[in-house]
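Asker: Quick mapping for you: the protein sequence lines, in order, are chains A and B.
Quick note: the first sequence, position 57, residue 60 per our numbering, numbers continuous.
Quick note: the second sequence, position 74, residue 860 per our numbering, numbers continuous.
C-beta: ideal position from N, C-alpha, C; glycine also.
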Amino acid sequence: GQQLNQSPQSMFIQEGEDVSMNCTSSSIFNTWLWYKQDPGEGPVLLIALYKAGELTSNGRLTAQFGITRKDSFLNISASIPSDVGIYFCAGHKTSGSRLTFGEGTQLTVNP
Amino acid sequence: NAGVMQNPRHLVRRRGQEARLRCSPMKGHSHVYWYRQLPEEGLKFMVYLQKENIIDESGMPKERFSAEFPKEGPSILRIQQVVRGDSAAYFCASSPPSGYYNEQFFGPGTRLTVL
Numbered sequence: 004g005q006q007l008n009q010s011p012q013s014m015f016i017q018e019g020e021d022v023s024m025n026c027t028s029s030s031i032f033n034t035w036l037w038y039k040q041d042p043g044e045g046p047v048l049l050i051a052l053y054k055a056g057e058l059t060s061n062g063r064l065t066a067q068f069g070i071t072r073k074d075s076f077l078n079i080s081a082s083i084p085s086d087v088g089i090y091f092c093a094g095h096k097t098s099g100s101r102l103t104f105g106e107g108t109q110l111t112v113n114p
Numbered sequence: 787n788a789g790v791m792q793n794p795r796h797l798v799r800r801r802g803q804e805a806r807l808r809c810s811p812m813k814g815h816s817h818v819y820w821y822r823q824l825p826e827e828g829l830k831f832m833v834y835l836q837k838e839n840i841i842d843e844s845g846m847p848k849e850r851f852s853a854e855f856p857k858e859g860p861s862i863l864r865i866q867q868v869v870r871g872d873s874a875a876y877f878c879a880s881s882p883p884s885g886y887y888n889e890q891f892f893g894p895g896t897r898l899t900v901l
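This is the structure we're talking about:
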C-alpha cells in the first residue's frame, strides 16, 4: 500500500537545539499534516499544509509543503523538554479521504 | 467544545469474544475515520464513514470487522471472535462536512488487549 517515508526514526537532542524531520512519498499528496503523539494518547494536530510550496508556522514549529507535492518537512526551534514525543507526518490525496501516515520520529530532549 | 470521545480507553477480551469500540465525533463533524496502530508503528487506515453510510472500507479486514455510524449515537467499530493479532490501539478521528479544509482530529484511542 501507499507509504510515507519519514526520517529520522529517532532523535536525541539537547534542550535548546533545533530539530528537523521530513517525509517523502513516491506519489502526490494534496494535503500534508503533522501530528504529535504522547504515550497513551491520540495524535494531536500541529500544522496542516494545503498548497505546494506553502510554509506555515505555529509557534516554534515550522512546516513546508514541498513544491513537487511529494514531500514535507517539520522544524522545531529551541526545543524544550515537553517537545518529547512521536511526530507523525500524514497526507491525503483528496479532501475528505483517508490519511496515510509515516512511521513516526521519536524525539527525546535532554534537559 | 469537547473533542473526539472514545470509550472504553482500555478493553481486555479473551480470544473468541467480541469487542465493541465507540467513538463520538466532535460537535458539528459528520465524518468519522477509524485507524489502527500497532506498537512502534504509524496509524493505518481502516474505514471512513459518514452518517448511515460507509464511504471507504478498503483498509478493514473483510472478516470479523464491521463499522457503523448510525443517524443517532456514536460510531461503533465491532470486532467479532477476536484473536491475539487484534491487540492494538484503535483511534477514531472526525472531520467537518466536506470542504477544502477538513483536518482530522483524533480521539484518545481504545487500547485492545486480547488474552
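I'd like to know if A51 (chain A) contacts chain B, where contact means its C-beta is closer than 8 angstroms to some C-beta of that chain.
Answerer: Here residue 51 (chain A) corresponds to residue number 48 of the first sequence, with the count starting at 1. Chain B, which has a Cβ nearer than 8 angstroms to the Cβ of A51 (chain A), makes this yes.
Asker: Please identify, using Cβ separations under 9 angstroms, the residues of the segment 32-56 of chain A that lie next to chain B, in order along the chain.
Answerer: Taking 9 angstroms as the Cβ-Cβ cut-off against chain B, the residues of the segment 32-56 of chain A that qualify are T34, L36, Y38, Q40, G43, E44, G45, P46, V47, L48, A51 and Y53.
Asker: Quick one: is G45 (chain A) buried, meaning 16 or more other Cβ sit within 10 Å of its Cβ, or exposed?
Answerer: Stepping through the first sequence from its first residue, residue 45 (chain A) is reached at position 42. G45 (chain A) comes out buried.
Asker: Does the CB of H817 (chain B) have a neighbour CB from chain A at under 8 angstroms?
Answerer: By 1-based counting over the second sequence, the position of residue 817 (chain B) is 31. Answer yes: the Cβ-Cβ gap between H817 (chain B) and chain A drops below 8 angstroms somewhere.
Asker: Could you pull out every residue in the same chain whose Cβ sits closer than 8 angstroms to the Cβ of Q836 (chain B), ignoring the five residues on either side in sequence?
Answerer: Working through the second sequence from its first residue, we reach residue 836 (chain B) at position 50. Closer than 8 angstroms at the Cβ level, and outside the excluded window around Q836 (chain B), lie S816, H817, V818 and F855.
Asker: State yes or no: is the beta carbon of R166 (chain A) nearer than 8 angstroms to at least one beta carbon in chain B?
Answerer: Lying outside 4 to 114, the shown extent of chain A, residue 166 (chain A) is not represented and no answer is given.
Asker: Give me, in chain order, the residues of the same chain whose beta-carbon lies closer than 7 angstroms to that of D86 (chain A); leave out the 5 immediate sequence neighbours on both sides.
Answerer: Reading the first sequence from its first residue, position 83 is the one you call residue 86 (chain A). Hits under 7 angstroms: I79, L110 and V112.
Asker: In the DSSP assignment, find the beta strand (DSSP E) that holds Y876 (chain B) and state where it starts and stops.
Answerer: Taking the second sequence and counting its residues from 1, the one referred to as residue 876 (chain B) is at position 90. Segment A874 to S881, the beta strand (DSSP E) holding Y876 (chain B).
Asker: Would DSSP call R795 (chain B) helix, strand or coil?
Answerer: In the second sequence, residue 795 (chain B) corresponds to position 9, counting from 1. It is coil, neither helix nor strand.
Asker: Nearest-angstrom Cα distance between I31 (chain A) and K96 (chain A)?
Answerer: Numbered from its first residue, the first sequence carries residue 31 (chain A) at position 28. Numbered from its first residue, the first sequence carries residue 96 (chain A) at position 93. The straight-line gap from Cα to Cα measures roughly 7 angstroms.
Asker: For A788 (chain B), collect the residues of the same chain with a Cβ closer than 6 angstroms to its Cβ; drop the 5 residues on either side in sequence, then sort them by chain order.
Answerer: By one-based count along the second sequence, residue 788 (chain B) stands at place 2. So the list is empty, once near-sequence residues are dropped.
Asker: Checking the sheet assignment: what are the DSSP bridge partners for Q40 (chain A)?
Answerer: Residue numbering aside, residue 40 (chain A) sits at position 37 when the first sequence is read from its first letter. Answer by DSSP bridge pairing, in chain order: A:I89.
Asker: Could you tell me whether the segment 892-901 of chain B touches the segment 858-877 of chain B, where touching means 3 or more Cβ pairs closer than 8 angstroms?
Answerer: The segment 892-901 of chain B vs the segment 858-877 of chain B: in contact.
Asker: Tell me N888 (chain B)'s beta-bridge partners as DSSP assigns them.
Answerer: Stepping through the second sequence from its first residue, residue 888 (chain B) is reached at position 102. According to DSSP, which records beta bridges pairwise, N888 (chain B) is partnered with nothing at all.
Asker: How many angstroms separate the CA atom of R893 (chain B) from the CA atom of D74 (chain A)?
Answerer: By one-based count along the second sequence, residue 893 (chain B) stands at place 107. By one-based count along the first sequence, residue 74 (chain A) stands at place 71. Position check: residue 893 (chain B) holds Gly in this sequence, whereas Arg was assumed. Answer to the nearest angstrom: the Cα atoms are 26 angstroms apart.
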